[in-house]
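Q:
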Amino acid sequence: MSNNNTVNTAKAPRKPVVLMSMGSQERKGHDYQVMTHKYIVPLVEISGCVPLLAPTCCGIDDLEQYLDMVDGVYLTGAGSNIDPSLYGQENLTPGKSQDRDRDLFDLPLIRAAIARGLPIFGICRGMQEINVALGGDMHQKVYAEPGFDDHREDTDEPVEVQYAQSHAVRLVPDSWLAKLMGSEEIHVNSLHGQGIKTLGKGLEALAYAEDGLVEAFHAPALPQFTFAVQWHPEWRAASNPDSVKIFQAFGEACRQRAAQGAR
Numbered sequence: 001m002s003n004n005n006t007v008n009t010a011k012a013p014r015k016p017v018v019l020m021s022m023g024s025q026e027r028k029g030h031d032y033q034v035m036t037h038k039y040i041v042p043l044v045e046i047s048g049c050v051p052l053l054a055p056t057c058c059g060i061d062d063l064e065q066y067l068d069m070v071d072g073v074y075l076t077g078a079g080s081n082i083d084p085s086l087y088g089q090e091n092l093t094p095g096k097s098q099d100r101d102r103d104l105f106d107l108p109l110i111r112a113a114i115a116r117g118l119p120i121f122g123i124c125r126g127m128q129e130i131n132v133a134l135g136g137d138m139h140q141k142v143y144a145e146p147g148f149d150d151h152r153e154d155t156d157e158p159v160e161v162q163y164a165q166s167h168a169v170r171l172v173p174d175s176w177l178a179k180l181m182g183s184e185e186i187h188v189n190s191l192h193g194q195g196i197k198t199l200g201k202g203l204e205a206l207a208y209a210e211d212g213l214v215e216a217f218h219a220p221a222l223p224q225f226t227f228a229v230q231w232h233p234e235w236r237a238a239s240n241p242d243s244v245k246i247f248q249a250f251g252e253a254c255r256q257r258a259a260q261g262a263r
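Oh and the sequence shown: position 69 is 69 in the UniProt record's numbering, straight run, nothing missing.
Dropping the structure here:
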């Protein structure tokens, strides 16, 4: 019999699964668990991964089961700040929203993911969470700290302007990130009022803003990919070569983890 009409039933290679923890948002008197579209798209289209969205409103009883299902962890930005009591400070920004459910889910999530050797990628709030989970602390108001610039966006501007490149970032010479970018300086957007004060245990800066604020770090002593940035590479990532390199690197780390078959 001719094979001309034979259907090709070969399965495509399995993609890595990546946990994304959602956050709280109130809408018209109802509490929502949300994840912004702009974070999901580059994970799917550039990293080549499948997102698993985890609600943070139900505690951590099922945390290990979530981690059993994934090959990496992706911690995104959000409009809320981390509760400062979790890093030993009084709240200096009472007018800013918090999301304690996300705090109490993500901090143990980070520690558990590290213990399992899972790749971790953090953006903005996600970077700050990794820092706090490992014992670091924050400048709650970078813009009020002597010697530091105001890294906040102008909320009166269109979103395209808010997320436009606004300052240079100096990459540590000969570092992993400098080699990945092929440069010791890149330009990034800036939409944050808080920033790293003291790095957590085992973390090492990879990039600094022009005022000296830590803009990226990794954990060189850990065997897995552990990387975070203060800027927003997810914004229109496909048209930004630097963002593409970052999301590709994370995707490759997750593929390597998936290939180990160690969940």
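By construction, the Cβ of each residue, glycine as well, lies at the ideal position given by its N, Cα and C atoms.
(1) With three or more beta-carbon pairs closer than 8 Å as the criterion, would you say the segment 93-104 touches the segment 75-83?
(2) Going residue by residue through the segment 18-106, where are the continuous beta strand (DSSP E) segments of at least 3 residues, counting only ones entirely within it?
(3) Might you give, ordered along the chain, the residues of its own chain that have their beta carbon closer than 6 Å to the beta carbon of residue 149, omitting 5 neighbours on each side?
(4) Write down every uninterrupted run of the beta strand (DSSP E) in the segment 115-148 whose length is 3 residues or greater and which is fully enclosed by it, in chain order.
(5) Helix or strand or just coil, what does DSSP make of residue 245?
(6) Sorted by chain position, which residues of the same chain lie with C-beta nearer than 6 Å to residue 196's C-beta, five sequence neighbours on each side aside?
(7) For residue 179, which of helix, strand or coil comes out of DSSP?
(8) Do residue 168 and residue 185 have their C-beta atoms closer together than 9 Å?
(9) May I ask you to report which of helix, strand or coil DSSP gives residue 160?
(10) Can you tell me whether residue 250 is helix, strand or coil according to DSSP?
(11) Could you tell me the alpha carbon to alpha carbon distance between residue 73 and residue 157, rounded to whole angstroms?
(12) For residue 26, count neighbouring C-beta atoms within 10 Å of its own C-beta (all shown protein chains included) and say buried if the count is 16 or more, exposed if not.
(13) Is the beta carbon of residue 132 within less than 8 Å of some heavy atom of the ligand GTP?
(14) Got a sec, what are the start and stop residues for the beta strand (DSSP E) residue 197 sits in?
(15) At a cut of 8 Å, does the segment 50-58 reach the segment 101-111 through at least three beta carbon pairs?
(16) With DSSP run on the structure shown, which of helix, strand or coil describes residue 219?
(17) Short check: CB of residue 93 to CB of residue 256, under 9 Å?
(18) How many angstroms separate the CA atom of residue 216 from the CA atom of residue 227?
(19) Using the Cβ count rule (16 or more neighbours within 10 Å means buried), how would you classify residue 253?
(20) Tell me whether residue 261 is buried or exposed, calling it buried when 16 or more other Cβ atoms sit within 10 Å of its Cβ.
(21) Along the chain, where does the beta strand (DSSP E) that runs through residue 191 open and close?
(22) Could you pull the start and end residues of the beta strand (DSSP E) that residue 170 belongs to?
(23) If we ignore side chains and look at the alpha-carbon of each, how far apart do residue 234 and residue 61 end up?
(24) What's the call for residue 182, buried or exposed, on a 16-neighbour Cβ count within 10 Å?
(25) Taking a contact to mean a Cβ-Cβ separation below 9 Å, would you say residue 118 touches residue 71 in this structure?
(26) Among the candidates 178, 201 and 47, whose CA atom is the shortest distance from the CA of residue 208?
A: Walking through what the data contain:
(1) Two segments are said to touch when three or more pairs of C-beta atoms, one from each, lie closer than 8 Å; by this definition the segment 93-104 touches the segment 75-83.
(2) If we require 3 residues or more, the beta strand (DSSP E) runs fully inside the segment 18-106 come out as 23-27, 30-34, 50-54 and 72-75.
(3) Cβ neighbours of residue 149 within its own chain (closer than 6 Å, five residues either side excluded): 211.
(4) The qualifying runs are 120-123 and 137-139.
(5) In this structure, residue 245 counts as helix in the three-state DSSP scheme.
(6) Same-chain partners within the cutoff: 131 and 214.
(7) Reduced to three states, the DSSP call for residue 179 is helix.
(8) The answer is yes: Cβ separation under 9 Å.
(9) Residue state, collapsed to three classes: helix.
(10) Reduced to three states, the DSSP call for residue 250 is helix.
(11) Our two residues, residue 73 and residue 157, have alpha carbons roughly 32 Å apart in a direct line.
(12) Result: exposed.
(13) The ligand content of the structure shown is nil, which means the ligand GTP is not present either.
(14) Start and end: 195-198.
(15) Note that the segment 50-58 touches the segment 101-111; at least 3 beta-carbon pairs, one per stretch, sit closer than 8 Å.
(16) Under the three-state reduction of DSSP output, residue 219 falls in the coil class, being neither helix nor strand.
(17) No, the Cβ-Cβ distance between residue 93 and residue 256 is not below 9 Å.
(18) About 7 Å.
(19) It counts as buried.
(20) With fewer than 16 Cβ atoms within 10 Å of its Cβ, residue 261 is classed as exposed.
(21) First-last for residue 191: undefined, no H or E at that position.
(22) Note, residue 170: beta strand (DSSP E), 167-171.
(23) For residue 234 and residue 61, the distance between alpha carbons rounds to 30 Å.
(24) Exposed, since its Cβ has fewer than 16 Cβ neighbours within 10 Å.
(25) Taking 9 Å as the Cβ cut-off, residue 118 and residue 71 qualify as a contacting pair.
(26) Residue 178 is the option with its Cα nearest to residue 208.
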